[in-house]
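Have a look at the structure below before the remarks.
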Amino acid sequence: MEKLSQVRHPDRKYNLGRGKVEELAEFVQIRGAEIVIFYNRLSTTQIHNISEICGCRVIDRFQLILEIFAKRATTHRSKLQVELAKLKYELPRARATVSLLKKEEKAGFMGLGGYEDSYEQDLKKRISRIEKELKSAEIDDEALRVYRRKQGLSLISLAGYTNAGKSTLFNTLVKENAITMDMPFTTLVPMTRALDLGGRKALLTDTVGFIEELPHWLVDAFKSTLDGIFLSDIILLVVDVSENPELVRQKLDTCHDTLWDRIGGVPIITVLNKIDLISSEALEALLDKIGHLAPNYVFVSAKEGTWLPELKDEIRQHLPEWESCTLSLPNSSEGMSVLSWLYEEGIVHKVDYGERILVDYEARTEIIYRAKAFEMELAE
Amino acid sequence: MWDIIAIDISGRHRIRDGYYLVCAAAALSVSADHIEKIKQVAILPRWLKGKEIKAPQLPDIVQLIEDTVAKLDYDGTLVTEKGDLYNQPLWVSESMFSGAFKYQESMAERRAIELAHHISLSARNLLLKELNIEAGQ
Chain A
1397 MEKLSQVRHP DRKYNLGRGK VEELAEFVQI RGAEIVIFYN RLSTTQIHNI
1447 SEICGCRVID RFQLILEIFA KRATTHRSKL QVELAKLKYE LPRARATVSL
1497 LKKEEKAGFM GLGGYEDSYE QDLKKRISRI EKELKSAEID DEALRVYRRK
1547 QGLSLISLAG YTNAGKSTLF NTLVKENAIT MDMPFTTLVP MTRALDLGGR
1597 KALLTDTVGF IEELPHWLVD AFKSTLDGIF LSDIILLVVD VSENPELVRQ
1647 KLDTCHDTLW DRIGGVPIIT VLNKIDLISS EALEALLDKI GHLAPNYVFV
1697 SAKEGTWLPE LKDEIRQHLP EWESCTLSLP NSSEGMSVLS WLYEEGIVHK
1747 VDYGERILVD YEARTEIIYR AKAFEMELAE
Chain B
9 MWDIIAIDIS GRHRIRDGYY LVCAAAALSV SADHIEKIKQ VAILPRWLKG
59 KEIKAPQLPD IVQLIEDTVA KLDYDGTLVT EKGDLYNQPL WVSESMFSGA
109 FKYQESMAER RAIELAHHIS LSARNLLLKE LNIEAGQ
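Written as structure tokens, this is what we have:
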């Protein structure tokens, strides 16, 4: 693999200068490269011009991201999201694409005509169909979120740069076997599992990772997936601390950029992962560099399963507050059945069985109200 | 917590007589994800008048920021959006200011810039109206 970079302003025709493109073509020939990947965004004409000179396929980093996404998409919904992202990427380029294809007399473009318009219209129609379908999935998600919150379940999301170890942490926390790999975008379909936090029930969701300069059309296309993060009660921002400190800072910067305007006041816990791979001195130096980007940080090693109780403590501290009360129930079968319901809905701190059953209880407000109503009902 | 001064400048587009820039500087204490305290806000308008004047140059922007910050009673690291300094690399921008300088990174810094942006934009709109400066494009 070769790497080529240019300092001056991008050239309109090739992005790189003409001389650099020729240098690139030489690299391609020497190495027998099948593909050239540009970090910068390329226009359709630039892609066409460069591939003419290099004689191989040329893509930019956004197309690369889309190709990785397309490979990883397994469910109907994620396939639709990838297709939507592709179409949104393609739409502004539709006219230029058709013009170039017509120039080369490719099959399907037999003569002059309004192909540019019709191709663009086709894309728009397909985009609108997919958006409609995804919108209905979004409504279902919202209804599910409301239902889960009503059930007293707090929603916690794992967020972070791609390949930070979110799925590994997810597996360790909920004892699940989600697929984990040392490669970006292993998770495209969010996975949710129950998480026990010492009596408080929560749902933990593993989500798609972020990437630098996440294009807005990609965020739009994956809105229904990313909403899982933006609309949760707590966000666990997972960071791989074993990397170069400057890279860690850049990745955190990207995460803050993606999250800041969309999450409102949702608390963030920064999970500094992979601490088994870093010395304490290096960790201290890293914290100096990234402290201002790491709210409520905790250390863990998801792979080794260390420091997890500390992480769970931190999560508990940020869960929506529950109320506490003392209830007095009759020591009868009705009283016992209410007690059993109390165990299901909240945390029973203490029970004294005497003439009456005295319960120190903690639960969300609605449950406390209902418990008090039962208490009064049974007292009558 | 960290002390920062969030900066934003409105009015980089030409109006009839030149460029009417308004710089807002807000002195704040921030944590990683929240603005903890807003301590003071300073606003400074500046006319770059004349037909010969093209777009405001980097030294004009730096001088305007320095002059606005001088009106504050609090210290802090200056924080701006990269675009406000024409996307200059950090080492270039850093070297032009007398105090500590950085581009926005954390959520709190981004929120602080948003606050400064609303202040500078509203102040400029108000000044244009009150001083009867015609915004003829």
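Which chain is which? The protein sequence lines are A and B, in order.
1776 is the number that the working numbering gives the last residue of the first sequence; the numbers go up by one with no jumps.
145 is the number that the working numbering gives the last residue of the second sequence; the numbers go up by one with no jumps.
No residue lacks a Cβ here, since even glycine has one placed at the ideal position from N, Cα and C.
Within this structure, are the beta carbons of residue i and residue j separated by less than 8 Å?
i, j, result
"A/S1550", "A/G1624", "no"
"B/I61", "B/I17", "no"
"A/L1689", "A/R1645", "yes"
"B/A33", "B/V77", "yes"
"A/Y1435", "A/L1462", "no"
"A/I1833", "A/I1631", "Because chain A in this structure spans residues 1397 to 1776, residue 1833 of chain A falls outside the shown range and cannot be described."
"A/K1670", "A/G1561", "yes"
"A/Y1515", "A/A1490", "yes"
"A/K1699", "A/T1564", "yes"
"B/V87", "B/I141", "no"
"B/D11", "B/Y82", "yes"
"A/L1704", "A/T1568", "yes"
"A/G1701", "A/W1718", "no"
"A/L1725", "A/V1755", "yes"
"A/I1446", "A/V1417", "yes"
"A/E1419", "A/L1400", "yes"
"A/V1478", "A/A1466", "yes"
"B/K45", "B/L36", "yes"
"A/D1629", "A/L1715", "yes"
Going along chain A in order, which residues have a C-beta closer than 7 Å to the C-beta of residue i?
i, result
"B/D41", "I1664 and P1691"
Compare the C-beta of residue i against all C-beta atoms of chain A and say whether one is closer than 8 Å.
i, result
"B/E102", "no"
Can you tell me whether residue i is buried or exposed? The criterion is at least 16 other CB atoms within 10 Å of its CB, across all chains shown.
i, result
"A/G1605", "buried"
"B/Q112", "buried"
"A/S1675", "exposed"
"A/R1408", "exposed"
"A/G1731", "buried"
"A/R1596", "buried"
"A/Y1543", "exposed"
"A/K1647", "buried"
"A/A1481", "buried"
"B/V100", "exposed"
"A/F1640", "Sequence inspection shows Asn at residue 1640 of chain A; the Phe mentioned does not correspond to that position. Exposed."
"B/G84", "buried"
"A/T1603", "buried"
"A/R1414", "exposed"
"A/S1697", "buried"
"A/A1590", "exposed"
"B/D92", "buried"
"B/P64", "buried"
Can you pull the chain A residues whose beta carbon is under 9 Å from the beta carbon of residue i, in chain order?
i, result
"B/E113", "R1645, L1648, D1649, H1652, D1653, H1688 and L1689"
"B/W99", "Here the premise fails: no neighbours, minimum Cβ distance about 14 Å."
Identify, in the order they occur along the chain, each residue of the same chain with its Cβ nearer than 6 Å to the Cβ of residue i, setting aside the five sequence neighbours on each side.
i, result
"A/T1601", "S1553, P1586, T1588 and G1624"
"B/A50", "A33, T76, K79 and L80"
"B/P53", "V30 and L135"
"A/L1391", "Given a span of 1397 to 1776 for chain A in the structure shown, any question on residue 1391 of chain A remains unanswerable."
"A/G1548", "R1760"
"A/H1745", "D1756"
"A/V1734", "L1725 and F1770"
For residue i, decide whether its Cβ has a neighbour in chain B, counting only Cβ atoms nearer than 8 Å.
i, result
"A/W1703", "no"
"A/W1656", "yes"
Taking Cβ-Cβ distances shorter than 8 Å, what residues in chain A pair up with residue i?
i, result
"B/R118", "H1652, D1653, W1656 and D1657"
"B/W10", "H1688"
Grab me the residues of residue i's own chain with a C-beta within less than 8 Å of its C-beta, minus the 5 sequence neighbours each way, in chain order.
i, result
"A/A1421", "I1449, C1450 and G1451"
"A/K1619", "L1530 and E1534"
"B/I73", "I15, I17, C31, A33, L86, T88 and F105"
"B/I127", "D16, A32, A34, V49 and I51"
Near residue i, which residues of its chain fall below 7 Å by C-beta distance, leaving aside the five closest residues on each side in sequence?
i, result
"A/D1653", "none"
"A/T1666", "L1633, V1635, A1690, P1691, N1692 and Y1693"
"A/P1611", "F1458"
"B/H42", "A116"
"B/A120", "I12, A14, A34, L36, V38, I43 and V87"
Given the structure, does residue i come close to the ligand SAH, in the sense that its CB is under 7 Å from one of the ligand's heavy atoms?
i, result
"A/P1726", "The ligand content of the structure shown is nil, which means the ligand SAH is not present either."
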